[in-house]
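K.L.:
Numbering-wise (my numbering), the sequence shown opens with residue 1 and increments by one. Every residue, glycine too, gets a C-beta built ideally from N, C-alpha and C. Computed from a prediction, not measured in an experiment: that's the story for all the values here. This is the structure I have questions about; it appears just below.
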Amino acid sequence: MCWMHWLTAPALIGTVGAVLYSQQLKGKERGNVLFLHKSLGLLTAFIAIPRIIGSLTSQHPESFKKGILGTAGKLNHLFLYIFLVVMPSSGILMGYFGGKGLPFFFTTLKGSEKPNESISKKSFWLHKNFGSYAKYLIPLHVGAVGFHLARGEAIFARINPFRKL
Ligand code: HEM
Ligand code: HEM
1 MCWMHWLTAP ALIGTVGAVL YSQQLKGKER GNVLFLHKSL GLLTAFIAIP
51 RIIGSLTSQH PESFKKGILG TAGKLNHLFL YIFLVVMPSS GILMGYFGGK
101 GLPFFFTTLK GSEKPNESIS KKSFWLHKNF GSYAKYLIPL HVGAVGFHLA
151 RGEAIFARIN PFRKL
């Protein structure tokens, strides 16, 4: 699960970084960076599936903190998992049912032969609206890690794939 965490993080940060950058661009350049966003988003989906199954079927360590900090940490992790489900799945649904298909780096996986505008529009709405707020979970998560580090607490040991169990 620790390895999965460090596979998810760069893919997800790259996905969000690419879409934010694309919003500063126009025309062909914007299209290219959006292609990268969609490719990284699909890659994140492939990583997220085993990660979520693993998370649901394995034992989690006890909360790092008790009380309000412990609850805040649990909530942040829960919402990050929700983000990891909602964003790739709504992105995939809109690409597939919009008919344009799913870009994946050097290729594009085919979309539905019978595009469904209702599904693709609803998915786009969810993706845009949920994404525009929920992306702040990432800096919140990283900021909380920084907070514990600044207090000299060994937070990284909890997610270190090389640690001896
Ligand atoms: C954007 C991608 C990221 C996602 C989706 C993510 C998600 C998560 C989740 C869900 C957990 C809880 C694990 C569990 O108990 O199931 C976690 C823990 C942790 N993450 Fe991340 N993370 C991301 C990026 C980062 C980054 C960039 C850092 C480093 C600054 C980081 C540092 C940690 C640490 C230290 C823990 C352990 C916290 C604890 O056990 O209380 N994460 N992460
Ligand atoms: C982990 C997976 C994904 C994440 C975290 C993610 C995240 C985001 C975020 C944060 C936004 C911007 C919302 C805003 O305007 O602030 C966005 C927009 C968008 N995403 Fe994704 N996305 C993912 C996967 C996908 C996939 C797989 C596709 C399509 C195949 C896709 C297509 C789009 C499109 C077309 C936009 C609108 C861009 C715009 O109008 O500026 N995304 N996404």
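Which of the three DSSP states is assigned to Pro139 in this structure?
P.N.:
The answer is helix: DSSP assigns Pro139 an H, G or I state.
K.L.:
Residues with a Cβ closer than 6 Å to any heavy atom of ligand 1, in chain order?
P.N.:
Taking each Cβ in turn, the ones that pass are His5, Thr8, Ala9, Leu12, Ile13, Ser55, His60, Phe64, Gly73, His77, Leu80, Tyr81, Leu84, Ile138, His141, Val142, Val145, Ile155, Phe156, Arg158 and Ile159.
K.L.:
Taking Cβ to Cβ, would you say Leu56 is nearer than 8 Å to Gly14?
P.N.:
Contact flag unset, no.
K.L.:
When the Cα atoms are used, what is the spatial distance from Phe156 to Phe97?
P.N.:
So the two alpha carbons sit approximately 41 Å from each other.
K.L.:
Pairing CB atoms from the region 90 to 110 with CB atoms from the region 62 to 81, are three or more of them under 8 Å?
P.N.:
Verdict: no, contact absent.
K.L.:
Using only the alpha-carbon positions, how far apart do Leu137 and Pro10 sit?
P.N.:
Between Leu137 and Pro10, the C-alpha separation is close to 15 Å.
K.L.:
Cβ of Ser22 versus every heavy atom of ligand 2: is any distance shorter than 7 Å?
P.N.:
Because some heavy atom of ligand 2 lies under 7 Å away, the Cβ of Ser22 counts as near it: yes.
K.L.:
What's the call for Leu102, buried or exposed, on a 16-neighbour Cβ count within 10 Å?
P.N.:
With 16 or more Cβ atoms within 10 Å of its Cβ, Leu102 is classed as buried.
K.L.:
Which whole-angstrom value is the C-beta distance of Pro50 and Arg158, which I expect to be below 8 Å?
P.N.:
Their Cβ separation, rounded to whole angstroms, is 20 Å, which puts Pro50 and Arg158 out of contact at 8 Å.
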